[in-house]
Each structure stands twice: as C-alpha cells, then as structure tokens.
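Q:
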Amino acid sequence: MQKIVECVPNFSEGRDKKIIDAIAEAIRSTQGVTLLDVDPGPSTNRTVYTFVGDPDAVIEGALNAARVAYKLIDMAKHTGEHPRLGAMDVCPFVPVRGVEPEECVFCATRLAEKLSSELQVPVFLYGTAARQGKHRVTVPQIRGGEYEGLQEKLLQDEWKPDYGPKSFVSNWGASMVGVRPFLLAYNINILGTKEQAHRIALNIREQGRGSGQVGRLKAVQGMGWWLEEANLAQVSLNITNHKVTPLHVAFNEVVKDAGELQVGVAGSELVGLVPLEALLEAAKFFMEKEGLMILEEDQKVRLAISRLGLSSINPFDPKERVIEYRLPAQAAPLTTLSLRGFVEAVAARTPAPGGGSVAALLGSLGCGLVTMCGLMTYGKKQWDHLDQTMRTHLPITHLSMKNLIPMIDSDSDAFNQYMTASKMPKCTAEEVAARERALSAALDRAIQVPLQVATLANETWPVLTEIAKVCNIQTASDMQVGARCLEACVAGAWSNVIVNLASLPTTNPRKSSLKTQASEEMKKASFHLGQVLAIIQERMESS
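Counted from 1, the sequence shown has number 1139 at position 24 by my numbering; the numbering is strictly sequential.
1. Do VAL1211 and ILE1119 count as a contact pair if the criterion is CB distance below 9 Å?
2. So is ARG1295 buried or exposed if we call it buried at 16+ other beta carbons inside 10 Å?
3. So, is PHE1642 buried or exposed, given that buried needs 16 or more other C-beta atoms within 10 angstroms?
4. Would you mind reading off the limits of the alpha helix (DSSP H) that contains LYS1483?
5. Straight-line CA distance for GLU1405 to LEU1629?
6. Determine the DSSP secondary structure at SER1383, reduced to helix, strand or coil.
7. Write down every uninterrupted run of the beta strand (DSSP E) in the region 1261-1345 whose length is 3 residues or greater and which is fully enclosed by it, in chain order.
8. Within the chosen definition, does the region 1477-1485 reach the region 1452-1469 through at least 3 CB pairs nearer than 8 Å?
9. Got a sec? Which residues, its chain only, sit under 8 Å from THR1194 by beta carbon, not counting five neighbours each side?
10. Measure the alpha-carbon distance for TYR1493 versus GLN1595 and round it to whole angstroms.
11. The ligand COA heavy atoms versus the CB of VAL1578: any closer than 8 Å?
12. Using only CA atoms, which one of LEU1269, GLY1330, SER1592 and TYR1262 lies nearest to GLY1288?
13. State buried or exposed for SER1515, treating a residue as buried only when at least 16 other CB atoms are found within 10 Å of its CB.
14. Can you give the Cα-Cα distance for GLY1330 and GLN1336, rounded to whole angstroms?
15. For LEU1395, which of helix, strand or coil comes out of DSSP?
16. Comparing C-alpha positions only, which one of LEU1230, SER1618, LYS1186 and LEU1240 sits nearest to PRO1207?
17. Given a threshold of 16 other Cβ atoms within 10 Å of its Cβ, counted over all protein chains shown, does LEU1306 qualify as buried or as exposed?
18. Could you spell out the range, first to last residue, of the beta strand (DSSP E) harbouring GLY1659?
19. Throw me the rounded Cβ distance for the VAL1292 and ALA1223 pair, which I believe falls under 8 Å.
20. Who are the near neighbours of ASP1593 in its chain, counting only those whose CB is closer than 7 Å to its CB and skipping five residues on each side?
21. Following the continuous beta strand (DSSP E) through CYS1122, name the residue where it begins and the one where it ends.
22. Using three-state DSSP, classify GLY1607 as helix, strand or coil.
23. Do VAL1578 and HIS1508 have their C-beta atoms closer together than 9 Å?
24. For GLY1156, collect the residues of the same chain with a Cβ closer than 6 Å to its Cβ; drop the 5 residues on either side in sequence, then sort them by chain order.
25. Do the region 1516-1533 and the region 1556-1563 touch if we need at least three Cβ pairs shorter than 8 Å?
26. Answer yes or no: do GLU1580 and GLN1646 have a C-beta to C-beta separation smaller than 9 Å?
27. Since ARG1212 sits in a beta bridge, which residues does DSSP pair it with?
28. Let me know the secondary structure DSSP gives TYR1241 once reduced to three states.
29. How would you write the range of the beta strand (DSSP E) that TYR1533 sits in, first residue to last?
30. Once you ignore the five residues that flank THR1355 on each side, which residues in its own chain have a CB closer than 6 Å to its CB?
31. Please report how far the alpha carbon of LYS1495 lies from the alpha carbon of PRO1510, in whole angstroms.
32. Distance check for MET1491 and ALA1312, CA to CA, integer angstroms please.
33. Alpha carbons only, please: which of LYS1132, ILE1135, PRO1170 and ILE1134 is nearest the one belonging to VAL1148?
34. Ignore the nearest five residues each way along the sequence and tell me which others in LYS1415's own chain have a CB closer than 6 Å to its CB.
35. Can you tell me whether HIS1513 is buried or exposed? The criterion is at least 16 other CB atoms within 10 Å of its CB, across all chains shown.
36. What is the residue span of the alpha helix (DSSP H) that THR1570 lies within?
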C-alpha cells in the first residue's frame, strides 16, 4: 500500500494573488506530491494549502513553499482577522493511508530541522510532535501573544524554540510544525455582528470563557469574526476531532445559540478538504432526523452539503473538496476491469484471479439482486404498507454489496502476497527466517480474506429472508438467483479456507478453530438458502 501523508501549511497571505500562486507553484512542482486545494481568505489574510504525497515528498513540498514565502511575505506589515505567529504560521502533517502517526512525527521533526537550519527561523513543535511539556502542545498555547508579542516571548526560557534561533526574525516571525488528526476548519455564517458570533463561539468551544467557564463542545476551538467579502459574521471553529464533535453537532449548537440571540444562520463553509466520513456522519444524522432512506454515497454527501449549507458562500464540489476523492487511486485491477475483461482474466492461464475472487463477486451480485428486488417494491403505492420494512432492510443489503466488491481484489492480492513470499531468498539463516515470517503472514491473510467474505455474505441472510417474504412477487426469480449467488459465494470462500488451512502446520492451535468456523459459515449458508427458496416457492404457488 502506498504511504500517503497530508500536509496543510497555513501561510499569512490571503490577498496578494501573485504570492499565493507562487507558493502554490512551489508545492505543485515538487516531485511526488499532489496539490489538492488552495483556499485563500482576504479578511483573514491567510491561505490554507493542502497537498499529499509520501513522507519524504511532503517534507520537501513544505520546505519549497517556505522558501518562497520567506522571500515574499513580510510579517511586519501583516494584518488580518486570523490569529498568527509567522509567515508559515502552522504546518501540520496528517496520516492518511498506510502511515502511522510516528512517521508523521518524523516528517514534522525533519521539516523543523531543515526550516530552521536553512532559513534561520524559530520553529515550535506541537501536537503529537510536541516535546516541551503541557504548556506548549496546542497551537493556541504557542500562538499566545501572536506575532506582536513574539519578540518578548522568545526571551523567556520556557519559550525557547524547539529548533532555530531565539532571536526575533521580523519578516518571518515563527512557525509551528506538528502532527494532528484531520482538523476541520468549519465556519458557520451568522447574519449578525462579529460580537454576537464571538459570544456564540465562547459558549460552545471547549475552552469556553476561561476561569472555569468551560464550553459545551469537546475538541472544538472557536472565535467570532467579520467576513467583509461576504458581508456577514462567522462563528469560526476548528474541530480537532470530528469523531468527538461531528459537523452537524457543531452546526446545530450554533443554530441554537443564534436563535436565543435572535440572529439568523445562513449556512456554513469548510476551509480546505474534509474526510468523507465527516460528511457521511452528518448525512446519517439528517437521514434519521427526517426519516429518509438514502443508499448511494453521492446522494448522502449531497444531503449533508444541503442541510449544512456548505455552498452558501462558495460552491462546495465534493469531487474537489473530499479528501478520499482527491487521493491517488489505489490499484484495484480486477474491479476496474470491464465485465468481459474480468471473465477473460479468470479464464486466463494464471492462478489469480481464481475461485476466491469469483466467490466475492458472486456475493456482491447476490446482495445486489436482493437490493434490486427490494427497490422494485419500495416506493410504489400498492406496497405503501411495506415502506418501513424496506427502509429498514435495504440499507443493509446495499452495504453488504458495497463491502464485498473490494474483496474481489483482496483475495487475488492475498494469493499474490503468498507467491511473492515463496520466492524470497533462503540462502542464509536470516533469509530463511525472514521468508518463513513472510509466508506465515501471507498464509494467514489467504485464510482470513475468504473467511471474511463468507462472514460478510452470511450477515445478509436474515434481511434477505425478510425481503423474500414480502417483496414484489414479479421479482421471485431474481430473489432465487440472488440467494443462490450468496450461497455459492460462501461455498467458494469455504473451499478456499479449507485448501489454505492444509498448509498450516498441524501444531498450529488455530487450525482446528478456523476449520470449525469455516464449516459453520457453510452450514449457515446452506440452511438459509433452503429457507429462502422455500419461502419464494410457496409464494409463487399461492400467487
């Protein structure tokens, strides 16, 4: 799996297009990185850049951007609504794919070393990369006093930079480099004053009003400001952990306080990119609140954008703003083939794709057919009485269909991993040991993948059975094919598990339990297939 790190440097320039573009070009021209987003703010006089790449590439991309900023930005002349400490104010690294947080700490430390050494500027480490104690872990702590108070701050021993000189560099200020989870820069639009927006921010941010007056929302920083270009105020929030405080929770709390102040709320905006999960969680909330059934991911995203008013200031295009939609595509050679191409690949004189991939495909097709049968019943007047039943069951079969699709490639990948391990050198004791470890890991995956396929497929049976009892009888044959596909999926997965278990040593304590687990999955599929076919047959005979 390709390692991908996200880097989100914030530069203190949001008005001069030439400077903004020059920094963007420095990032864009760095080999191995992809610039995803450039989000300037005239009122804040700040631009957020978002780019991704492997760890070494993102370090170089951030350094290239800083080199340009050092020449073009003069902090002694900077003003803006957003708090700031330096020209490259903050530069967080975020683990995205195949990367542990520790590797991002390395990125932050390496950038801090290079930045301070080459440009001779003070650099503070924050977040997971912080070293100097609890008083300087968060950005607000380090940024206290801002640029104007930095010269005096640097004279204090407790504020000695992690890297670089203690001396004040007037054109640059200081930089904060760190590691964090996805941070959502989320602004809610208030048709009121800056002061009213700030009152709301103080109520809801975790810090609250200080002096023991904590706010209502955890993992939230906030303030109020005036957005001149939009002629409105904003409650500007940094949600440092959207799993603790989701977007819709923050939005609803602002709406509540705005109502008490009798001021209007006119949508919201996200600065930079957003993880798909955050939008889907908001969509789930609104679906449950409004009693909606939405199956497709793009429609859920559209619902979240609409209900949160994310296009209220600028159009929110999920293809451009959702991080997962902008990442370099992972290799999925089988699921991206045409139908003809896949069948011909299966028929080719190669061991993969083989029965395991076909089994996963059959499972997905089976769930897809059952979903289709449910949708042929849902939404039609003559079956209004089944509306709630279908709303309950269809999301489950649809999700099972989606979850089984990537398993088509996973099975083939597991086989290829085993073959690669088997070709490792074995001339020395160390090589033999390394080969054995790789073979053991690959064999374990070759067993676990089909076992997971069987488990995923079998989880659908209870819902499939309920749909079979009531669905449009005109889809009876489709239900039968779907059920048989699902059973064939489990049978194929069971066969793969049994074959691969034969390669495990008899002394392996897990061998017996894995065989029992696979056999139980097979029995379950056989039982439920018979049950579903009997239900359909009885309905056909009585219709």
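We put the beta carbon where it would ideally sit given N, CA and C, even for glycine.
A: Per the coordinate set shown:
1. yes
2. buried
3. exposed
4. First, the amino acid is wrong: residue 1483 is Gly here, not Lys. Taken as a continuous stretch (DSSP letters only), the alpha helix (DSSP H) holding GLY1483 covers 1470-1490.
5. 44 Å
6. strand
7. 1290-1294, 1299-1306 and 1335-1342
8. no
9. ASN1160
10. 19 Å
11. Here there are no bound small molecules, and the ligand COA is not part of this structure.
12. TYR1262
13. buried
14. 10 Å
15. helix
16. LEU1240
17. exposed
18. Because the chain is modelled from 1116 through 1658, residue 1659 falls outside the range shown and cannot be assessed.
19. 5 Å
20. LEU1484, MET1487 and CYS1488
21. 1119-1122
22. helix
23. yes
24. GLY1129
25. yes
26. Per the sequence shown, residue 1580 should be read as Thr rather than Glu. Result yes, Cβ atoms of THR1580 and GLN1646 sit closer than 9 Å.
27. ILE1119
28. strand
29. Segment 1502-1537 is the alpha helix (DSSP H) holding TYR1533; no beta strand (DSSP E) there.
30. LEU1298 and ALA1334
31. 18 Å
32. 49 Å
33. PRO1170
34. LEU1395, ALA1398 and ILE1409
35. buried
36. 1544-1573
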